[in-house]
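Numbering (the working numbering), first residue to last: 9 to 307. Where a beta carbon is used, it is the ideal one built from N, C-alpha and C, also for glycine. Predicted model, so just to flag it, every value in this text is computed and none were measured. Data block below; observations after.
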């Protein structure tokens, strides 16, 4: 998180340093006897709390417009509270109102920015909570698991895809889908038997699961076909993932067990779940035909 917000940390330090330099150049230090330590304690605690807010935002929030509002709101409060604390040690010239303006104006602007950011954070959290509740319900329903591969099946895929498409529309985050099909799997079953085919499907499911991210959703679509839902992933990244999965398949190939994968990749847009999967099936069929035509070409 710190690397994402390096410029924010640098900006915070720069503004605080500028406020200190400006204050000491324009003002004179108060006599020791006139300092009110009770005010210093109260204003110091307020500044410390604002710094804690700023630190929590920088260390726990990903980049985004909501984080920007929260950060700049907290930064304005920190600047205002810093000058307010310095006011207890320094005496401003009566004819110079610059420091008074710098001390007073950032606080209300910071509160407005923080409020706007918190409203966005609240909306974001509602979406996340709804997503987590949906996933929890699905996890508790073991009927949605494929009994052979222990992956989620078609019903779960439809429900998750529908939900992710809705989130995609609300948050405008990229969403991609891979449909994988084993080439010549029927011939493999005829040659080696159904038990060998089932064992291969189990091994393939384990291999795919180990290569995917925790946010990806892997389901057994039907027979020898699998679907991977890639959340917050663009088309180019999905294509790279498809190539990686095809390369990893060599780990399962040994002896007479030489199988390959055809993978269709698509960017999911504002379409219904059934339409997205139907389009993926057509793409997968086209990929398989192209692969077969290439293999039949004479050397």
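- Between the segment 283-299 and the segment 182-191, the count of C-beta pairs closer than 8 angstroms reaches three or more; the two stretches touch.
- Straight across, the Cα-Cα distance linking residue 23 with residue 132 is about 30 angstroms.
- Taking 8 angstroms as the cut-off, the Cβ atoms of residue 36 and residue 92 do not count as close.
- Contact check for residue 232 against residue 156 fails: the beta carbons are separated by 8 angstroms or more.
- Here residue 254 really is in contact with residue 271; their C-beta atoms are around 6 angstroms apart, less than 8 angstroms.
- Between residue 191 and the set 68, 66, 172 and 298, the nearest pair of CA atoms involves 298.
- Beta bridge pairing from DSSP links residue 37 with 98.
- The C-beta distance from residue 228 to residue 163 rounds to 11 angstroms, too long to fall under 8 angstroms, and the pair is not in contact.
- The three-state secondary structure of residue 279, taken from DSSP, is coil.
- CA-CA distance, residue 176 to residue 167, rounds to 14 angstroms.
- Taking the C-beta atoms as reference points, residue 85 is found no nearer than 8 angstroms to residue 41.
- Nearest in C-alpha terms to residue 199, of all of 267, 178, 113 and 226, is 267.
- In the three-state DSSP reduction, residue 181 falls in the coil class, being neither helix nor strand.
- Within the model, the alpha-carbon separation for residue 237 versus residue 225 is close to 5 angstroms.
- DSSP lists 187 as the bridge partner or partners of residue 272.
- By the 16-neighbour rule on beta-carbons within 10 angstroms, residue 284 is buried.
- The three-state reading of DSSP puts residue 221 in coil, since its state is none of H, G, I, E or B.
- The three-state reading of DSSP puts residue 131 in helix, counting H, G and I together.
- Annotation: residue 55 to residue 44 spans about 17 angstroms, alpha carbon to alpha carbon.
- DSSP places residue 287 within a helical segment (H, G or I) once states are collapsed to three.
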